[in-house]
Structure formats: structure tokens, C-alpha cells
Ligand SMILES: C[S@@+](CC[C@H](N)C(=O)[O-])C[C@H]1O[C@@H](n2cnc3c(N)ncnc32)[C@H](O)[C@@H]1O
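Residue numbers (our numbering): 190 to 418.
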């Protein structure tokens, strides 16, 4: 089996990947999987995305018939670096066309046969999530059930309900004209039914909890200055 050198083995635009990864770790940057559940060891999404891309596309020196000179190879590397720059932009969840272009590029380098991304230690799921967004088949697992749940939500549940309307009666009536793109519909239903479950549970459990009777008399007795409340 002949080995072709991949881009990651030769060169990477590290400054671009580092800047995007530092931004990815900042709080308050809008929609991000870290909003689903905190995972301390999460690999920044731009790093995972860039590493996957650069591991799958050939370095131009692997194709001397297509890029015979150093100049031609360097020019092609610059083109691939530009694709990585586009993959490292902010708000990538709104840039489906960039993922599609990267997917087409990867297909060319794999002779149309995409490899499966296997992450047996998936943690917060950055690698399988970005693999899926690049249109690759992915498999993820982890020893920790919390990590498994995060990956299940990201890889199975969210894609299943993406771009769908919420089903709860309240929001449907209020926001009939809203465009329910990505996970917005699912998020609305989670808020609605989460609140409902919370209220039902509170009502159900109310008989087991004693409400504190506030007031000066009770406070004094709690401090030991009077009869029991
Ligand atoms: C450094 S974290 C992975 C971080 C991940 N790349 C991310 O972006 O969030 C390592 C993961 O390996 C998992 N792990 C450790 N030993 C394992 C084992 N024997 N089998 C499966 N998972 C394991 C841990 O539970 C942890 O989630």
C-alpha cells in the first residue's frame, strides 16, 4: 500500500488555528456545544476541525504529477490553508457552505471513499462532532456516562430534530412565523417541557417538604430565644 503524505505531516497554519481556538474557549460567544454541558477537557472545535481536515487531505508534495515544482506545491498549500482559515471562522454553525466545500475537498483526496472517524475517548465530543459536520461517518465512545450522554445529544438527538418546529402548544401559537433552523425548535421544547416537569415535580414533592415560616418570632426561636416555631 503506497503512503501519501497528508497536509498535517508537512505544514499547518498554526497561528490561525490557535487564534480561533482561543476564541472558542471564551465565554459568551453565542451558540456552542459547551452550552449543553460543561466538559473541562473539551478540545476547541476549530482545532478538531482543522486537524481532521489536514489529516485527510494530501500534502501537494504527494502528487508530483499534478504539482511538479516547489512553487506549484506551495501555491496548492496556500489554497488548502485558505480552506482551513475559512473553517476557523467565528459562528461556523451559520456557514454550512464552508463545511460542504471542505467535504468535497476531502472526498477528492479519499477517492470518493470517506474513512470513518473513531474516537474511543470522546469526552465532550469535539472530534466526532466536527467529523460529523465535515460529513464523515463517525463513531464515539467513552467510559464516563456523562460524556456518552453529551455525545448522544450532539451526534444522534440534535441532528434528528434539526430544523424542526417545536411541538409545544404555547410557542407554536406565539411564534408561527419563526424560522426554526438548527436546534432552535428542540431548544424551545426543552425549555417548555423542562419547566413543566419542574413544576409537576415541585407539586408532587411539596407534601414532603416543610416551608420555613419566616418572621421575627420564628427567627428568635431558631436562635434559641423562645419556644419552638
Ligand atoms: C482528555 S478526555 C477527551 C477530551 C475530548 N477529546 C474532548 O474534546 O472533550 C479523555 C477521555 O477519555 C475517557 N477515558 C479514559 N479512559 C478510558 C477508557 N479506558 N475507555 C474509554 N474512555 C476512557 C475519559 O472518560 C475522558 O472523557
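A virtual CB, placed ideally from N, CA and C, is assigned to each residue, including glycine.
Please indicate yes or no: does the CB of residue i lie closer than 8 Å to some heavy atom of ligand 1?
i, result
"residue 210", "no"
"residue 231", "yes"
"residue 330", "yes"
"residue 244", "no"
"residue 239", "no"
"residue 315", "yes"
"residue 312", "yes"
"residue 309", "yes"
Report the option in the options whose CA atom is closest to the CA atom of residue i.
i, options, result
"residue 342", "225, 234, 397 and 257", "225"
"residue 370", "359, 352 and 378", "352"
"residue 307", "328, 295 and 316", "328"
"residue 196", "243, 237, 227 and 398", "243"
"residue 241", "281, 379 and 295", "295"
"residue 424", "345, 239, 382 and 399", "The structure shown does not extend to residue 424, since the chain is modelled only from 190 through 418, so no value can be given for it."
"residue 193", "335, 202 and 298", "298"
"residue 300", "247, 387 and 393", "247"
"residue 321", "380, 288, 332 and 333", "288"
"residue 317", "262, 302, 379 and 344", "344"
If we count the other Cβ atoms within 10 Å of its Cβ and call it buried at 16 or more, is residue i buried or exposed?
i, result
"residue 340", "buried"
"residue 418", "For residue 418, the pLDDT reaches just 46, beneath the cut-off of 50, and the residue's location in the model is therefore unreliable, although a value from the coordinates is still provided. Residue 418 should be labelled exposed."
"residue 310", "exposed"
"residue 359", "exposed"
"residue 209", "buried"
"residue 259", "exposed"
"residue 365", "exposed"
"residue 335", "exposed"
"residue 375", "buried"
"residue 130", "Residue 130 is absent from the structure shown; the chain starts at 190 and stops at 418."
Quickly, what does DSSP pair residue i with across the bridge? List them, please.
i, result
"residue 329", "308"
"residue 195", "247"
Alpha carbon to alpha carbon, what distance is there between residue j and residue i?
i, j, result
"residue 270", "residue 277", "10 Å"
"residue 284", "residue 385", "34 Å"
"residue 363", "residue 355", "11 Å"
"residue 214", "residue 206", "12 Å"
"residue 198", "residue 236", "15 Å"
"residue 338", "residue 315", "14 Å"
"residue 257", "residue 319", "33 Å"
"residue 231", "residue 312", "7 Å"
"residue 324", "residue 275", "16 Å"
"residue 293", "residue 305", "16 Å"
"residue 389", "residue 350", "25 Å"
"residue 212", "residue 377", "27 Å"
"residue 254", "residue 204", "30 Å"
"residue 219", "residue 373", "13 Å"
"residue 330", "residue 228", "15 Å"
"residue 200", "residue 368", "41 Å"
Determine, for residue i, whether the minimum Cβ-Cβ distance to residues of chain B falls below 9 Å.
i, result
"residue 255", "The question asks about chain B, but that chain is absent: this structure has only one protein chain."
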